[in-house]
Structure formats: structure tokens, C-alpha cells
Amino acid sequence: MGKVLIVEGPTDVAKLQPILSEPVEFIKTYGTLSRQTLSNGSMLFGALDLERLEDEEDVYIFVDADRAGESLRRMLRHFLPGARHLYTERRYREVAETPAVVLAHILMHAYFEVNLAYVESTITNEEEHRLYLSLVKRERRRM
Numbered sequence: 001m002g003k004v005l006i007v008e009g010p011t012d013v014a015k016l017q018p019i020l021s022e023p024v025e026f027i028k029t030y031g032t033l034s035r036q037t038l039s040n041g042s043m044l045f046g047a048l049d050l051e052r053l054e055d056e057e058d059v060y061i062f063v064d065a066d067r068a069g070e071s072l073r074r075m076l077r078h079f080l081p082g083a084r085h086l087y088t089e090r091r092y093r094e095v096a097e098t099p100a101v102v103l104a105h106i107l108m109h110a111y112f113e114v115n116l117a118y119v120e121s122t123i124t125n126e127e128e129h130r131l132y133l134s135l136v137k138r139e140r141r142r143m
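Quick note on full-length UniProt numbering: the sequence shown kicks off at 1 and runs consecutively.
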């Protein structure tokens, strides 16, 4: 399996998917984890099949920078201690409200491949443009 990105909901997927230029499996928690036992005895928390994910190396958690997101992150940290955590800036609070160029910056630092052409098309101000130029520079160093 490739990279798995655990997010809160469909608006996060809609925001992140066009930024990524590699296949990524999205798992939506819908902001909560409720415990279920599957017929095979494995534990399921929301949409998370923990047994399937606990041995995966490329599991990332990217939830909102608010009280609910931090609570969810703590639970996920307990059940998936090997997962890597990605953080949006507090000033944006929600992944879905974070500018694409900021998300691309976060994702590139976690070694995701990003669609720079798409990111460039979303730029709305000088601060975002400067950040975009740093992404382009970083991408050139990768090659």
C-alpha cells in the first residue's frame, strides 16, 4: 500500500487531492472515532481499520488545528503511534481553509509529491507567491 492520509472529512479531501501529484489513500474520520468490532475481530474506529494501518509505514494524520482536531489527534496518536503528524497553521484552523500553497509546503516537507501547476493557479497574494517560489526552488533541488 502507498501513502495513507487520515483527515477529518470530505472538504479536507477536496482541498488536498488536487494539490497532490501522487496516489494517496484518504481515510475520513468525520471528526470522531467510534469503536466497532468487525466480524473478523479486528477493531474499527470510525473508518479506521487499526490492524490494517498499525504496521503501515506511510500513515499520516492531518487534522484541524482546533479543539476537536487536537482531541482526535491525541486518540490517533494512541492507536497509531507510528503515524506521522502534519499540522496546519493555527491562524487557518481548518485544513480545508488553509491556502493550497501552505498545504503544498507542509506536504512537500513530508515528502509528498505536489502539483505545482495547480498550486500556482490558486495564489491570491504576495505572501502566497513568495511561499510558492520557495516550493519551486525546493522541487528543483529534488531533481
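Even glycine gets a Cβ: it sits at the ideal position worked out from N, Cα and C.
Within the present structure, is the beta-carbon of residue i separated from the nearest heavy atom of the ligand ADP by less than 7 Å?
i: residue 4; result: Ligands displayed in this structure: none; no statement on the ligand ADP is therefore possible.
So residue i and residue j are in contact, right, with Cβ under 8 Å, and what is the actual spacing, rounded?
i: residue 88; j: residue 106; result: 7 Å
i: residue 24; j: residue 2; result: 7 Å
Can you look up residue i in the DSSP assignment and give me helix, strand or coil?
i: residue 111; result: coil
i: residue 19; result: helix
i: residue 118; result: helix
i: residue 87; result: strand
i: residue 61; result: strand
i: residue 5; result: strand
Below 6 Å CB to CB, which residues in the same chain sit around residue i once its five sequence neighbours on both sides are set aside?
i: residue 6; result: 27 and 61
Grab me the residues of residue i's own chain with a C-beta within less than 8 Å of its C-beta, minus the 5 sequence neighbours each way, in chain order.
i: residue 40; result: Here the model assigns residue 40 a pLDDT of 47, short of 50, so the residue's position is not dependable and the matter cannot be decided.
How big is the Cα-Cα spacing for residue i and residue j?
i: residue 110; j: residue 31; result: 23 Å
i: residue 14; j: residue 96; result: 8 Å
i: residue 64; j: residue 74; result: 12 Å
i: residue 141; j: residue 116; result: 14 Å
i: residue 100; j: residue 122; result: 7 Å
i: residue 108; j: residue 11; result: 20 Å
i: residue 67; j: residue 58; result: 25 Å
i: residue 71; j: residue 78; result: 11 Å
i: residue 128; j: residue 85; result: 23 Å
i: residue 54; j: residue 69; result: 20 Å
i: residue 136; j: residue 130; result: 10 Å
At the 8 Å Cβ level, is residue i part of the contact set with chain D, yes or no?
i: residue 72; result: Judged by its chain identifiers, the structure shown contains no chain D, having just a single protein chain.
Taking all protein chains shown into account, do 16 or more other C-beta atoms lie within 10 angstroms of the C-beta of residue i, making it buried, or fewer, making it exposed?
i: residue 81; result: exposed
i: residue 146; result: Nothing in the structure corresponds to residue 146, since the chain is present only between 1 and 143.
i: residue 119; result: buried
i: residue 103; result: buried
Between residue i and the rest of its own chain, which residues show a CB-CB distance below 7 Å, the 5 nearest in sequence each way excluded?
i: residue 21; result: 113, 114 and 115
i: residue 90; result: 65
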